[in-house]
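Trainee: Sequential numbering from 53 applies to the sequence shown in this note's numbering.
Before anything else, here's the structure in question.
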Amino acid sequence: MLNVDRRKFIQTIAAGGALLAAGKSAFPAEMAHGAASEANPDFKPDVEIELAATPGELPLLPGASTRVWQFKGSLIKGDPAAFQMLPGTALPVIRVRNGQKLRIHFANHLNEDSIVHWHGLHLPHQMDGHPMYAIRPGQRFVYEFQVDNRAGTYWFHPHPHGRTGEQVYRGLAGLFIVSDDEEQAAALPSGEFDLAWVLQDRLFDHNNQLVYARNMMERMQGFLGDRVLINGKPDFVQPVATTAYRIRLLNGSNSRIYKLAWDDGRPLTVIGNDGGLLERPVKRPYVTLAPAERVELWMNFSDRSVGDQITLRSLPFNAGMSMGGAATANGSAFPVLRVRVDRKLAKPHALPARLSHISRYRLEDAVNHRSPRTFSPAMGMGRVSLNGRTFEKMDEVADNEIVKLNTLEVWEFANDASMMMMAHPIHVHNLQFQVLERRADPRFAAIRDSLGAGFLDEGWKDVVLVMPGERVKLLMKFTDHTGLYLYHCHILEHEDMGMMRNYLVRA
Ligand SMILES: [Cu+2]
53 MLNVDRRKFI QTIAAGGALL AAGKSAFPAE MAHGAASEAN PDFKPDVEIE
103 LAATPGELPL LPGASTRVWQ FKGSLIKGDP AAFQMLPGTA LPVIRVRNGQ
153 KLRIHFANHL NEDSIVHWHG LHLPHQMDGH PMYAIRPGQR FVYEFQVDNR
203 AGTYWFHPHP HGRTGEQVYR GLAGLFIVSD DEEQAAALPS GEFDLAWVLQ
253 DRLFDHNNQL VYARNMMERM QGFLGDRVLI NGKPDFVQPV ATTAYRIRLL
303 NGSNSRIYKL AWDDGRPLTV IGNDGGLLER PVKRPYVTLA PAERVELWMN
353 FSDRSVGDQI TLRSLPFNAG MSMGGAATAN GSAFPVLRVR VDRKLAKPHA
403 LPARLSHISR YRLEDAVNHR SPRTFSPAMG MGRVSLNGRT FEKMDEVADN
453 EIVKLNTLEV WEFANDASMM MMAHPIHVHN LQFQVLERRA DPRFAAIRDS
503 LGAGFLDEGW KDVVLVMPGE RVKLLMKFTD HTGLYLYHCH ILEHEDMGMM
553 RNYLVRA
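Right, dumping it as structure tokens:
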């Protein structure tokens, strides 16, 4: 929600003078360090938040505290529910309604550059947390935008180029939950019956300190921990009552894929994913959750007895090439968390047959339906790429990365698994897309089939897992905003190594 004068102001300071004044002459103008360091007095926020990335310590394991990096913040203006820590955790949750205006003062208290990306939100380029806006230690970036997303479970995390993986790994992530009228009408379980579980794997040394990517191999395959934390807690147990719950899951791991199933063999009832509620609930024997993907479950515990325990597990699968030790490799089996029924509650509940309305894009409406843009994530010889290119310059776009505002396009991601058989979770900034089709190379069928029944290609998505040898077609529309946005692999080590590119939306 920048007005024209404000844009001009930002462009002016981004172009030069203020950078020199701030002592940042060493940075090229396009880096725009400190570009939005002041609030716009004409912008009237409904919610205003102070949010700092800062070093801290948390008692995660018995014994020594773990040094972490955390988002800490406070609410300056708005409903107290708009900014809270998830109860009993250090995980920040921003809760807003679609249409609300937000101002977020981001302060970088780390010893390195950072910037915050609002994952899944549809925002002007300047507000998206592009790495060109990374601010130096001690600097501030003021975000001002109007929420323009349907109800859903979005999230936020740092996005400075080359450092995203480590900053997320050390603890910088939060949930961004949007509600709207359509979602309220579905009357899903709310308040204490609306749970959030953020899944992250971590590796600790003998002194309880986090260990991160020690060598090229751990970066190439994506860094894997040997311990799963839920909302930052090991050995997580969720107490529940004998009633129905809405459960939001975010895979906040750097590179781990989860194949989630209840240990009693019941199917999972899925009501939503990346871009909010599905049209109607669907059942899956298991759910495949790749890095940065979200899924919302509806779980009814009313036929359980007090004292019952149910374990959510990650089942074994064929991950292609994953070189972790047997206990930590992608595809190894482990318990994720336990649910414990600890009280009786006679509370009426019903799973709505219809959850939301989703209008499907049609392939024939895509301006390039006869010739989809194709992007190939590839890796080999210590290098990762998209169509043979890596992210090198902040503002670089190739000819096939320029799209026109207000057009629908079909993009195809073709996983070239010739060198390394790895699945890549591809994320596109600025929009929610629809998955049109997947085509698998029969040579890699065993890998695809070990996860395929858990894909949730329904509804709106902003991350799609592209399996080895697979070609996935997406339909996406570029509306409202022009400028540079990113698309990249959400294995954060791949992203940091350059499996990331800009695309440009042009008027
Ligand atoms: Cu990747």
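Just so it is clear, CB atoms sit at the ideal spot from N, CA and C, and this is done for glycine as well.
Locate the alpha helix (DSSP H) running through E562, then write down its first and last residues.
Mentor: For the chain, the structure presents residues 53 to 559; residue 562 sits outside this window and is missing.
Trainee: Restricting to Cα atoms, I'd like to know which of H401, P477 and S411 is closest to L329.
Mentor: Residue 329 sits at position 277 when you count from the first residue of the sequence shown. Looking at the Cα atoms, S411 is the closest of the given residues.
Trainee: Please list, in chain order, all residues of the same chain as L112 whose beta carbon is under 6 Å from its beta carbon, the five residues on each side excluded.
Mentor: Here the question's residue 112 lines up with position 60 in the sequence shown. Taken in chain order, the residues that qualify are T118.
Trainee: Quick one: what's got a C-beta closer than 6 Å to R149's C-beta in the same chain, skipping five residues either side?
Mentor: By one-based count along the sequence shown, residue 149 stands at place 97. So the qualifying residues of the chain are S231.
Trainee: When you get a sec, list the residues whose CB is within less than 6 Å of any heavy atom of ligand 1, chain order please.
Mentor: After applying the 6 Å Cβ criterion, the set is P429, H476, C541, I543, H546 and M551.
Trainee: Please name the residue or residues paired with G328 in a DSSP beta bridge.
Mentor: By 1-based counting over the sequence shown, the position of residue 328 is 276. Beta-bridge pairing links G328 to N325.
Trainee: Are the beta-carbon atoms belonging to G327 and R202 less than 8 Å from one another?
Mentor: Taking the first residue of the sequence shown as 1, we reach residue 327 at position 275. Taking the first residue of the sequence shown as 1, we reach residue 202 at position 150. In contact: G327 and R202 (Cβ atoms closer than 8 Å).
Trainee: Give me the DSSP bridge partner(s) of G432.
Mentor: Residue numbering aside, residue 432 sits at position 380 when the sequence shown is read from its first letter. Beta-bridge pairing links G432 to R435.
Trainee: Put V220 into one of helix, strand or coil per three-state DSSP.
Mentor: If you number the sequence shown from 1, residue 220 lands on position 168. It is helical.
Trainee: Report all residues from its chain with a CB closer than 6 Å to the CB of N482; omit the five preceding and five following residues, and keep chain order.
Mentor: Taking the first residue of the sequence shown as position 1, residue 482 is located at position 430. Closer than 6 Å at the Cβ level, and outside the excluded window around N482, lie Y537.
Trainee: Skipping 5 residues on each side, what residues in its chain have a beta carbon closer than 8 Å to that of K396?
Mentor: Looking up residue 396 in the sequence shown gives position 344. For K396, where only same-chain residues beyond five positions count, the Cβ hits under 8 Å are A293, T294 and V358.
Trainee: Cβ atoms of I499 and M472: under 8 Å apart, would you say?
Mentor: Counting from one through the sequence shown, the residue named residue 472 turns up at place 420. Counting from one through the sequence shown, the residue named residue 499 turns up at place 447. No, the Cβ-Cβ distance between M472 and I499 is not below 8 Å.
Trainee: Below 8 Å, can you find three or more Cβ-Cβ pairs linking the segment 442-457 to the segment 537-557?
Mentor: In short, these stretches touch, since the Cβ pair count reaches three.
Trainee: In the DSSP output, which residue or residues are listed as bridge partners for A296?
Mentor: The residue labelled residue 296 in the question sits at position 244 within the sequence shown. In the DSSP output, where bridge partners are listed per residue, A296 has N352.
Trainee: Taking its Cβ as the centre, do 16 or more other Cβ atoms sit within 10 Å of S437, making it buried, or is it exposed?
Mentor: Along the sequence shown, one-based indexing puts residue 437 at 385. S437 comes out buried.
Trainee: Below 6 Å CB to CB, which residues in the same chain sit around G277 once its five sequence neighbours on both sides are set aside?
Mentor: Here residue 277 refers to the residue found at position 225 when the sequence shown is read from its first residue. Cβ neighbours of G277 beyond the five flanking positions: D253, R254 and L255.
Trainee: Helix or strand or just coil, what does DSSP make of A559?
Mentor: Sequence index remark: in the sequence shown, residue 559 carries index 507 (1-based). Reduced to three states, the DSSP call for A559 is coil.
Trainee: Could you work out which residue in A142, E464, Q122 and R490 is closest to F158 when comparing CA atoms only?
Mentor: What you label residue 158 is simply residue 106 of the sequence shown in a count that begins at 1. Closest by alpha carbon: Q122.
Trainee: Distance, Cα to Cα, E348 vs I299?
Mentor: Your numbering for residue 348 matches position 296 in the sequence shown. Your numbering for residue 299 matches position 247 in the sequence shown. Using only the alpha carbons, I get a separation of about 5 Å.
Trainee: Smallest Cα separation from R490: which of A466, H161, H479 and D417?
Mentor: The count along the sequence shown starts at 1 and reaches residue 490 at position 438. Of the candidates A466, H161, H479 and D417, the one whose C-alpha sits nearest the C-alpha of R490 is A466.
Trainee: Please determine whether the Cβ atom of S242 lies at a distance below 7 Å from any heavy atom of ligand 2.
Mentor: Among the ligands in the structure shown, ligand 2 does not appear; only ligand 1 can be found there.
Trainee: So, at 7 Å on beta carbons, what are the nonlocal neighbours of G181 in its own chain, with the 5 sequence-adjacent residues on each side left out?
Mentor: Working through the sequence shown from its first residue, we reach residue 181 at position 129. The residues are I167, V168, H169, W170 and H211.
Trainee: Just to confirm, is the Cβ distance from R155 to V194 under 8 Å?
Mentor: Within the sequence shown, residue 155 is the residue found at index 103, counting from 1. Within the sequence shown, residue 194 is the residue found at index 142, counting from 1. Their beta carbons are under 8 Å apart, which means R155 touches V194 by this criterion.
Trainee: Are at least three pairs of beta-carbons, each pair with one atom in the segment 523-536 and one in the segment 413-432, less than 8 Å apart?
Mentor: Yes, the segment 523-536 is in contact with the segment 413-432.
Trainee: In or out: G190 buried (at least 16 other Cβ within 10 Å) or exposed?
Mentor: Here residue 190 corresponds to residue number 138 of the sequence shown, with the count starting at 1. Exposed, by the Cβ-count rule.
Trainee: CA-CA distance, A133 and D501?
Mentor: Locating residue 133 in the sequence shown gives position 81, counting from the first residue. Locating residue 501 in the sequence shown gives position 449, counting from the first residue. Near 42 Å, if we compare the C-alpha coordinates of D501 and A133.
Trainee: Which term fits Q236, buried or exposed, when burial requires 16 or more other beta carbons within 10 angstroms of its beta carbon?
Mentor: Reading the sequence shown from its first residue, position 184 is the one you call residue 236. Burial call: exposed.
Trainee: Using a Cβ-Cβ cutoff of less than 7 Å, which residues in the same chain neighbour A142 once the five nearest sequence positions on both sides are dropped?
Mentor: Mapped onto the sequence shown, residue 142 falls at position 90. Answer for A142: L110, Q122 and G284, listed in chain order.
Trainee: Using 10 angstroms around the beta-carbon of Y539, count the other beta-carbons present and answer buried if the total reaches 16, otherwise exposed.
Mentor: In the sequence shown, the residue the question calls residue 539 occupies position 487. Y539 should be labelled buried.
Trainee: DSSP has V99 in a bridge; who is on the other side?
Mentor: Here residue 99 is taken as the residue at index 47 of the sequence shown, counted from 1. V99 is bridged to L154.
Trainee: Grab the span of the beta strand (DSSP E) containing R392 for me, first residue to last.
Mentor: The sequence position of residue 392 within the sequence shown is 340, counting from 1. Looking at the DSSP string, the run of the beta strand (DSSP E) that includes R392 is F386 to R395.
Trainee: Quick one: Cα of L127 to Cα of G226, how far?
Mentor: By 1-based counting over the sequence shown, the position of residue 127 is 75. By 1-based counting over the sequence shown, the position of residue 226 is 174. Between L127 and G226, the C-alpha separation is close to 15 Å.
Trainee: Could you work out which residue in G304, G214 and E196 is closest to V99 when comparing CA atoms only?
Mentor: What you label residue 99 is simply residue 47 of the sequence shown in a count that begins at 1. The shortest Cα separation from V99 among G304, G214 and E196 belongs to E196.
Trainee: Report all residues from its chain with a CB closer than 6 Å to the CB of A430; omit the five preceding and five following residues, and keep chain order.
Mentor: Here residue 430 refers to the residue found at position 378 when the sequence shown is read from its first residue. Taken in chain order, the residues that qualify are S437 and D468.
Trainee: Which class does I362 belong to by DSSP, given the choice of helix, strand or coil?
Mentor: Locating residue 362 in the sequence shown gives position 310, where the first residue counts as 1. DSSP places I362 in strand when its eight states are reduced to three.
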